[in-house]
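Below: the structure, in structure tokens.
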Amino acid sequence: MGKGFIGITGNQTSTHCVILNSSAEVLADIVGGICNWKGAGKDSAKDIFYDVIDQALNISGLSKEDISVVVACMFCVEKERDKEVVLGWLNPKFSDAQFHIFPHAVAALAAGTNCTLDGVVLVAGTIAMALSYSESGEEIRVGGFMKEPGSSYTIGNECLTSAIKSFDGRGAKTNLLEQILSHLNLETGEDLTEWANSDPSTSSISSLSEICFLCDSKGDEVASKIISDAAKHLVSTTMIVAQKCGWIKGDKNEEREIIVVLDGEIATHKRTISYLVNIFKKNLPQVKCVVPEIDPHLGSAFLALSLVNLSKEREEIEKIVNEANLHLPRLQQAVGDVDEVIEALNFQALVSAAQIRLVIDNQVQFLEARMIELINELNQKHKKQLKSLQSQKIELEKIISDLSIQTTSSIQKLENLNFEELNETQNLLSEILQKASVTKFDPSVDESGEELKFFADENTFSNVVKNLGKIGS
52 MGKGFIGITG NQTSTHCVIL NSSAEVLADI VGGICNWKGA GKDSAKDIFY
102 DVIDQALNIS GLSKEDISVV VACMFCVEKE RDKEVVLGWL NPKFSDAQFH
152 IFPHAVAALA AGTNCTLDGV VLVAGTIAMA LSYSESGEEI RVGGFMKEPG
202 SSYTIGNECL TSAIKSFDGR GAKTNLLEQI LSHLNLETGE DLTEWANSDP
252 STSSISSLSE ICFLCDSKGD EVASKIISDA AKHLVSTTMI VAQKCGWIKG
302 DKNEEREIIV VLDGEIATHK RTISYLVNIF KKNLPQVKCV VPEIDPHLGS
352 AFLALSLVNL SKEREEIEKI VNEANLHLPR LQQAVGDVDE VIEALNFQAL
402 VSAAQIRLVI DNQVQFLEAR MIELINELNQ KHKKQLKSLQ SQKIELEKII
452 SDLSIQTTSS IQKLENLNFE ELNETQNLLS EILQKASVTK FDPSVDESGE
502 ELKFFADENT FSNVVKNLGK IGS
């Protein structure tokens, strides 16, 4: 493995070249001019490209032969033919190095995902775009042109339009007008209209975006709406990329965290971040917005180092696979032996299951027979008890009948009783008791031991006996 790893990052404002050693120590960090061959021409861009590389090699003390991997993340790389331009510059420079060419946004994606590239990079600055890679390695990109909603140019242009409309009465009152006039050293709305018609440069209009953030922070409703609308568009762009990568289903409930790396002066502005976080929270709560802790241009160099480590891991994996292939016949034989054992065990299990089922069936039959016997015994016992109860019932019915007859006879006798004779007899008895002169009530003797004698005339006694006989009958 070589001693050095180069990361080159080219954007709309500058070109960086960073060299790391195998311990991830920065050996050189050089910044140069704009390497945009689509604007300045290929020769000029190539000179800047080589210049930053040569300076970095000189400072690091390494030679071209010491370089193992070169990662170039360039603003102008949009299609495969753009990658061919950069490869055409690198091949003559480094004969033994590996080359990896990406769009410039990948540098920030690497810096924000620890070089895994597992996430979405949301760029909002001179341009606005979102980029990621699917599981198959396909590059997914949405947006990417200068006048894309959410870019500094679009925000600045909307500020300018809102300020002019506020001046001529077509729009709401806003502090944007005063702030833009001060920024451009103009005095009136007519001056601002004249300036807008003078075909100002893209950078001049883009610079007005800072005024929009300033007014938004002070509660200007027009400015706040411009920033809010820009954030909504950036969120929509990001969600489209995530959906194309298969991370968002129709109901937006995919159970995985989505890292969104923010890059560019608009996306990383604290006011924009606040809007983005709130909008993502409502629409896609599994999103985690990340601002890289290291400068994105360093991400290219660390990606170069991680790619060589990845290649080394791939070689180790291939070695393991090859060794496994050598042992594959033995493993297949072992698997076959295991299958035979399993088959035998399955057969034994089936036999055991059949035996257990037979035992259970016999037990069930025995229990069913015993249950029938018990039911028959209970039926016989109940029949005997029922017969005894029926006999007792007949006897009770006879007793009740006899009692009914006796009761009827007694009632008839009572009905035939002469109550006048009963009263007469009662009077006679009272007379006898009065004549008896009994001092102590003893049914047989008095105090002297002699028997008590009742004195009554013969007629009275006869009448008593006669009446008592009637009562008895």
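Residue numbers (this note's numbering): 52 to 524. Built from N, CA and C at the ideal position, the CB exists for glycine as well. As the structure is a prediction and not an experimental result, all values here were calculated from the model.
Based on DSSP bridge pairs, tell me the residues matched to residue i.
i, result
"S183", "I191"
"L71", "F56, V77"
"F150", "V121"
"D314", "V174"
"T319", "Note: T319 sits in no beta bridge, so no partner."
"G61", "T66, M125"
"G83", "T66"
"K339", "I310"
With burial defined as no fewer than 16 other Cβ atoms inside 10 Å of the residue's Cβ, what is the status of residue i: buried or exposed?
i, result
"S249", "exposed"
"L440", "exposed"
"P343", "buried"
"Q436", "exposed"
"I231", "buried"
"I206", "buried"
"T323", "buried"
"I178", "buried"
"F196", "exposed"
"H433", "exposed"
"T459", "exposed"
"I256", "buried"
"S260", "buried"
"V193", "buried"
"V410", "exposed"
"A352", "buried"
Does the distance from the C-beta atom of residue i to that of residue j stay below 8 angstroms?
i, j, result
"G170", "V311", "yes"
"T60", "H151", "no"
"K99", "C86", "One detail in the question is off: residue 99 reads as Ile in this sequence, not Lys. Contact flag set, yes."
"K283", "I330", "yes"
"I57", "I110", "no"
"S203", "E316", "yes"
"L285", "L327", "yes"
"C124", "F153", "yes"
"V82", "S65", "yes"
"A162", "G350", "yes"
"L243", "I215", "yes"
"K93", "V136", "yes"
"S73", "K54", "yes"
"G297", "S217", "no"
Considering only C-alpha positions, which residue in the set the options is nearest to residue i?
i, options, result
"V157", "K269, N62, E482", "N62"
"Q149", "K115, L173, N165", "K115"
"V120", "D133, G194, L138", "L138"
"R221", "Y204, E424, G240", "G240"
"S275", "T167, L285, C210", "C210"
"L160", "P143, N142, K144, L182", "L182"
"L224", "T212, H234, L78, N165", "What sits at residue 224 in the sequence shown is Lys, not Leu. For the residues T212, H234, L78, N165, the minimum Cα distance to K224 belongs to T212."
"I277", "I309, L227, R307", "L227"
"P143", "I462, K54, I104, L168", "I104"
"E229", "S325, D271, I191", "D271"
"N165", "E394, I423, L356, N430", "L356"
Please report how far the alpha carbon of residue i lies from the alpha carbon of residue j, in whole angstroms.
i, j, result
"D147", "L313", "34 angstroms"
"H67", "H348", "6 angstroms"
"F417", "A404", "20 angstroms"
"L358", "C263", "41 angstroms"
"L237", "M180", "33 angstroms"
"V386", "Q294", "42 angstroms"
"A318", "V389", "60 angstroms"
"E76", "D346", "15 angstroms"
"M290", "L173", "10 angstroms"
"D80", "P200", "33 angstroms"
"L108", "D219", "58 angstroms"
"L265", "K321", "11 angstroms"
"T288", "C340", "14 angstroms"
"Q399", "V415", "24 angstroms"
"W88", "W140", "12 angstroms"
"L168", "Q337", "17 angstroms"
"S233", "E245", "15 angstroms"
"V273", "D267", "8 angstroms"
"K97", "R381", "57 angstroms"
"S252", "I299", "39 angstroms"
"I423", "N430", "11 angstroms"
"S488", "I451", "With a pLDDT of 47 at S488, under the threshold of 50, the modelled position of this residue cannot be trusted; read the value that follows with caution. If I take the Cα positions, the gap works out to 49 angstroms."
"K332", "R307", "14 angstroms"
"Q406", "L335", "60 angstroms"
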